[in-house]
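Here is the structure we will look at, set down as structure tokens.
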Amino acid sequence: MAIGSESLGQQPRLCVRCLGRLFAKVGKGVSNPERGAVVSDVLGYEPAKPDACPVCKGVFDSLIRFRDRVIREMEPWEHSSFLIGSRFDPAVVEAEEGVWAALRTDKHEPIKMEFNRELGKAVALATGKEANFEHPDVTVVLDTTYETVDLQIAAVFIRGNYRKLVRGIPQTRWPCKACMGKGCRRCGGTGKMYQTSVEEIIAAKLMPQANASAHFFHGMGREDIDARMLGDGRPFILELRDPHRRALDLQRAEMEVNGSGEGVEVTGLRPAASTEVAEIKNERTDKVYRVFVKFDAEVAEEKLNEVVSALRGSRIVQQTPTRVAHRRADMARHRIVRDMRVEGRDGKGAVLLVTAETGTYIKELVTGDGGRTTPNLSELLGVRCAVEALDVIAIGADKGCEQ
Ligand SMILES: [Zn+2]
Ligand SMILES: [Zn+2]
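Numbering (the numbering used here), first residue to last: -2 to 400.
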């Protein structure tokens, strides 16, 4: 690159900083104003005063004012890291692009880059917080023309396991179908199909601490509303949006959830990375169930044992169950029944322990769902079978019912 004093002289007169920024990629550890001073010395270039500069229009003179404004805006949001972005008047961007084109330089940096860096340094120095380009707690976008500040607050993710000790509550909030959550006569004005959920019971103890605007629940699968979730519980992540506080007392929240008497318990609460949500959602692990089965006719012990042995390790085909057909595509799924054991029995019923691949419809494995699941317990026993109750007792391949 060779920028002669001649071609530079034909351009509108720049301030010393904007002059230096044309050479930003030349040498390190030097600021743009310092570079500009050297260049103007060597070339005998008389720089413009910043507020007369056609590119920056003196915006850097307001850096301290912008810094204080940004700090004030971020203040209500607890954070340890931040990232500064900015918007400039398109005329400014055009002006600097015009200079680059005329001088055919390739050592420059855009004004935005310098501005973001300088403002970031000023904020870091004044607050002791660090700039983070990957996962900032707060992202600031400052509009230098209108002097507006937009903030994006990174969500907080809390991971743990939950146990559901009662039947009849769904895992997540379930908006009323009739009013879509607005509140109507059918839902008694609550906007919900169910008065509460695992999500709401846990969130109730974390939302006030975080002073967040909304919560989202990510479970490693879900059990039926009428099934309990026992054993070590089910891994989940609760996402808290727009949190004012990020350092939460999770031990306290755990005690509060467990002491709420609402039938949900949590263990092992800890802060999680946002990337763990996908991990939890994609985990395809075996589940262990305790199934309370009722027969409509007497079944001999020998016959029951024989059928359970036949189903153990078998591959079953499940057409989408009638009970979920309204919200799932109708298709055939192949699933492996890893293990099946009789835990207890009398003539009219049995308690079975079943380990199955994730996504297996256990109720249909028992009832047959009108022939949509084959083979099935009812068909092999030759009696009608009903599931009286169902519990998930373990999640994870290493927790099979053989142990
Ligand atoms: Zn300038
Ligand atoms: Zn409603």
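The beta carbon of each residue, even a glycine, is placed where N, CA and C say it ideally should be.
Just so it is clear, the structure is predicted and the values come from calculations on it, not from any experiment.
Legend entry - Distance between V296 and C398 (C-alpha atoms, nearest Å): In the sequence shown, counting from the first residue as 1, residue 398 sits at position 401. In the sequence shown, counting from the first residue as 1, residue 296 sits at position 299. With a pLDDT of only 46 at C398, under the threshold of 50, the placement of this residue in the model should not be trusted, and no figure is reported.
Legend entry - DSSP three-state assignment for A207, whether helix, strand or coil: By one-based count along the sequence shown, residue 207 stands at place 210. The answer is helix: DSSP assigns A207 an H, G or I state.
Inset, instruction - For L162, name the three-state secondary structure that DSSP assigns. - result: Taking the sequence shown and counting its residues from 1, one reaches residue 162 at position 165. If DSSP states are grouped into helix, strand and coil, L162 belongs with coil.
Inset, instruction - Verify the contact flag: R183, CB atom, against every heavy atom of ligand 2, threshold strictly below 6 angstroms. - result: On the sequence shown, residue 183 is found 186 positions in, with the first residue counted as 1. R183: yes, Cβ under 6 angstroms from ligand 2.
Legend entry - Cβ shell of T136 (< 6 angstroms), same chain only, five flanking positions each side left out: Locating residue 136 in the sequence shown gives position 139, where the first residue counts as 1. These residues qualify, in order along the chain: L80 and Q149.
Legend entry - G265: first and last residue of the uninterrupted alpha helix (DSSP H) it sits in: What you label residue 265 is simply residue 268 of the sequence shown in a count that begins at 1. No alpha helix (DSSP H) contains G265, which is instead part of the beta strand (DSSP E) from V261 to A269.
Inset, instruction - Please state whether DSSP places V351 in a helix, a strand or coil. - result: Translated into positions along the sequence shown, residue 351 becomes position 354. Here V351 sits in strand by DSSP.
Inset, instruction - Give me the Cα-Cα distance between M328 and G367, rounded to the nearest whole angstrom. - result: One-based indexing of the sequence shown puts residue 328 at position 331. One-based indexing of the sequence shown puts residue 367 at position 370. Rounded to the nearest angstrom, the two C-alpha atoms are 15 angstroms apart.
Inset, instruction - Would you mind sorting Q206 into buried or exposed? The rule is 16 or more other CB atoms within 10 Å of its CB. - result: Translated into the one-based positions of the sequence shown, residue 206 becomes position 209. Buried, because 16 or more other Cβ atoms sit within 10 Å of the Cβ of Q206.
Inset, instruction - Would you check whether ligand 2 has a heavy atom nearer than 6 angstroms to the C-beta of C53? - result: On the sequence shown, residue 53 is found 56 positions in, with the first residue counted as 1. Result no, Cβ not under 6 angstroms from ligand 2.
Inset, instruction - Report the residue ranges of all alpha helix (DSSP H) runs contained in full by the segment 322 to 378; include only those spanning at least 4 residues, in chain order. - result: 359 to 364 and 374 to 378
Inset, instruction - Return yes when at least one heavy atom of ligand 2 lies under 6 angstroms from the C-beta of C382, else no. - result: Here residue 382 refers to the residue found at position 385 when the sequence shown is read from its first residue. No, the beta carbon of C382 sits no closer than 6 angstroms to any heavy atom of ligand 2.
Legend entry - Where I222 sits in the DSSP three-state scheme: Translated into positions along the sequence shown, residue 222 becomes position 225. Three-state result, I222: coil.
Inset, instruction - Between the Cα of G218 and those of V36, L116 and A391, spot the shortest distance and give me the residue it belongs to. - result: For the purposes of this step, residue 218 is taken as the residue at position 221 of the sequence shown. Considering only alpha carbons, the answer is A391.
Legend entry - Integer-rounded CB distance, given that S78 should sit under 8 angstroms from E127: Along the sequence shown, one-based indexing puts residue 127 at 130. Along the sequence shown, one-based indexing puts residue 78 at 81. With 8 angstroms as the limit, E127 and S78 qualify as a contact, their Cβ atoms being about 5 angstroms apart.
Inset, instruction - Starting from the C-beta of Q7, find all residues in its chain whose C-beta is less than 7 angstroms away, skip the five residues before and the five after it, and write them out in chain order. - result: As a working mapping, residue 7 is identified with position 10 in the sequence shown. No residues qualify anywhere along the chain.
Legend entry - Distance between I68 and C53 (C-alpha atoms, nearest Å): Here residue 53 refers to the residue found at position 56 of the sequence shown. Here residue 68 refers to the residue found at position 71 of the sequence shown. The alpha-carbon atoms of C53 and I68 are separated by roughly 23 angstroms.
Inset, instruction - Please name the residue or residues paired with I234 in a DSSP beta bridge. - result: Counted from its first residue, the sequence shown places residue 234 at position 237. DSSP output for I234 lists R156 and H215 as bridge partner(s).
Legend entry - Secondary structure of L11, DSSP reduced to three states: Taking the sequence shown and counting its residues from 1, one reaches residue 11 at position 14. The answer is coil: DSSP assigns L11 none of H, G, I, E or B.
Legend entry - Inter-residue spacing [alpha-carbon to alpha-carbon] between G265 and G157: The count along the sequence shown starts at 1 and reaches residue 265 at position 268. The count along the sequence shown starts at 1 and reaches residue 157 at position 160. Cα-Cα distance, rounded: 5 angstroms.
Legend entry - Nearest candidate by alpha-carbon position, reference L203, set V39, I155, A99 and V363: Locating residue 203 in the sequence shown gives position 206, counting from the first residue. Out of V39, I155, A99 and V363, I155 has the C-alpha closest to the C-alpha of L203.
Inset, instruction - Return yes when the C-beta of C50 is under 6 angstroms from any heavy atom of ligand 1, and no when it is not. - result: Taking the first residue of the sequence shown as position 1, residue 50 is located at position 53. Yes; taking the cut-off as 6 angstroms, the Cβ of C50 has a heavy atom of ligand 1 nearer than that.
Inset, instruction - Give a yes or no on contact between the segment 42 to 50 and the segment 112 to 124, applying the rule of three or more CB pairs nearer than 8 angstroms. - result: no
Inset, instruction - Tell me where the beta strand (DSSP E) around T136 begins and ends. - result: Along the sequence shown, one-based indexing puts residue 136 at 139. Note, T136: beta strand (DSSP E), V135 to D140.
Legend entry - For D48, the first and last residue of its enclosing alpha helix (DSSP H): Stepping through the sequence shown from its first residue, residue 48 is reached at position 51. D48 -> no alpha helix (DSSP H), and no H or E assigned at all.
Legend entry - Alpha carbon of E299 to alpha carbon of A386, nearest angstrom: As a first step, residue 299 is located in the sequence shown; it is residue number 302 there, counting from the start. As a first step, residue 386 is located in the sequence shown; it is residue number 389 there, counting from the start. Straight-line Cα distance between these residues: approximately 23 angstroms.
Legend entry - Closer than 6 angstroms: A347 CB and nearest ligand 2 heavy atom: By one-based count along the sequence shown, residue 347 stands at place 350. False, no ligand heavy atom lies under 6 angstroms from that Cβ.
Legend entry - Backbone CA spacing between V389 and P172 [nearest angstrom]: Here residue 389 refers to the residue found at position 392 when the sequence shown is read from its first residue. Here residue 172 refers to the residue found at position 175 when the sequence shown is read from its first residue. Cα to Cα, V389 sits roughly 25 angstroms from P172.
Inset, instruction - Can you grab the Cα-Cα spacing for the pair A224 / V120, in whole Å? - result: Position 227 of the sequence shown, counted from the first residue, corresponds to residue 224. Position 123 of the sequence shown, counted from the first residue, corresponds to residue 120. Their Cα atoms are separated by approximately 52 angstroms.
Legend entry - T319 (DSSP reduced to helix, strand or coil): Residue numbering aside, residue 319 sits at position 322 when the sequence shown is read from its first letter. T319 falls in the helix class under three-state DSSP.
Legend entry - Assigned secondary structure, S4 (DSSP; H/G/I helix, E/B strand, else coil): Along the sequence shown, read from residue 1 onward, the residue named residue 4 stands at position 7. DSSP places S4 in helix when its eight states are reduced to three.
Legend entry - Distance between beta carbons of R267 and L247, contact taken as under 8 angstroms: The sequence position of residue 247 within the sequence shown is 250, counting from 1. The sequence position of residue 267 within the sequence shown is 270, counting from 1. About 7 angstroms separates the two Cβ atoms, so the contact holds.
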